[in-house]
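Take a look at the structure below.
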Amino acid sequence: SSRRRHTRYWRDWSSDVCSSDLFKGRPSLLTLNHVTRIMNDTKTMTHSPEKKFSRPIRVLIAKVGLDGHDRGAKVIASFLRDAGMEVIYTGLRQTPEMVVNAALQEDVDVIGISILSGAHNTVFPKIIALMKEKGMQDVLLTGGGIIPAEDMKKLNALGAGKLFDPGTNTDDIVNYIREEVKRRRNF
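Residue numbers for the sequence shown follow the numbering used here, so the first one is 3 and each next one is one higher.
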């Protein structure tokens, strides 16, 4: 199998080499202000959910289409892992079918789509349709990236969960996922 486990909560399905330490040995594409904000978010993060889950929350993070910028997806994956969630990263250039099939195989609670390419009005409806087709109504579909507010409202009406803008506090994302999974889980 081409899958490599990098840490206990990080599984990488991509062909890219990545590590749980996102900045080790790589020039950072983030500005110093972003790194400072990320480090401050880590210090204030709430790591213990109100309700204890029988197993960790499982989140699949995916980059769909030709969007080749995955730094933000890896940063979010790292924060979710640090918050006690199990994170499966599919890597770049996934199709909606590949994402939904991986989510089904990994028995995830959340699918997180990172999208910067402007294809959100095509990608999210396709994933929503595939999730309905496979009976995955209990799985939260969320995401973030460059998505205009009007489009976010349309995608929410179709069935997508909350969508996040660049620069969103990671604690808000963690808390949203915990609350939604608590509401959706039936075990």
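Virtual Cβ for every residue (Gly too), placed ideally from N, Cα, C. For clarity, every value in this text was computed on a predicted model and none was experimentally measured.
For residue i, which residues of its own chain have a beta-carbon under 8 Å away from its beta-carbon, when the five flanking residues on both sides are left out?
| i | result |
| --- | --- |
| I58 | A small correction: the amino acid at residue 58 is Pro; Ile does not occupy that position in the sequence shown. Answer for P58: Y11, G86, M87 and E88, listed in chain order. |
| L160 | F126, P127 and I130 |
Does the Cβ-Cβ distance between residue i and residue j come in under 8 Å?
| i | j | result |
| --- | --- | --- |
| I117 | V77 | no |
| D153 | N123 | yes |
| V110 | R185 | no |
| T172 | G146 | no |
| Q96 | A121 | no |
| G93 | P168 | no |
Between residue i and residue j, what straight-line distance do the alpha-carbon atoms span, to the nearest angstrom?
| i | j | result |
| --- | --- | --- |
| V102 | L62 | 10 Å |
| P98 | L132 | 8 Å |
| S119 | D69 | 5 Å |
| I148 | H71 | 12 Å |
| I179 | V112 | 8 Å |
| I175 | K155 | 18 Å |
| L106 | S56 | 19 Å |
| F166 | G114 | 10 Å |
| K136 | M100 | 13 Å |
| M138 | L157 | 17 Å |
| A151 | N188 | 32 Å |
Who does residue i pair with in a DSSP beta bridge?
| i | result |
| --- | --- |
| K164 | K164 pairs with nothing; no bridge assigned. |
| L106 | Its beta-bridge partners do not exist; DSSP assigns none. |
| T92 | Bridge partners of T92: none, in fact. |
| V66 | Q96 |
| I115 | A64 and G145 |
Please return the same chain residues whose Cβ sits closer than 7 Å to the Cβ of residue i, not counting the five positions on each side in sequence.
| i | result |
| --- | --- |
| E108 | R60, L62 and I90 |
| G195 | It is not possible to answer for residue 195, since the shown part of the chain is limited to 3 through 189. |
| K134 | none |
Skipping 5 residues on each side, what residues in its chain have a beta carbon closer than 6 Å to that of residue i?
| i | result |
| --- | --- |
| F81 | T172 |
| D140 | R186 |
| A190 | Look at the range of the chain in this structure, 3 to 189, and you will see that residue 190 is not part of it. |
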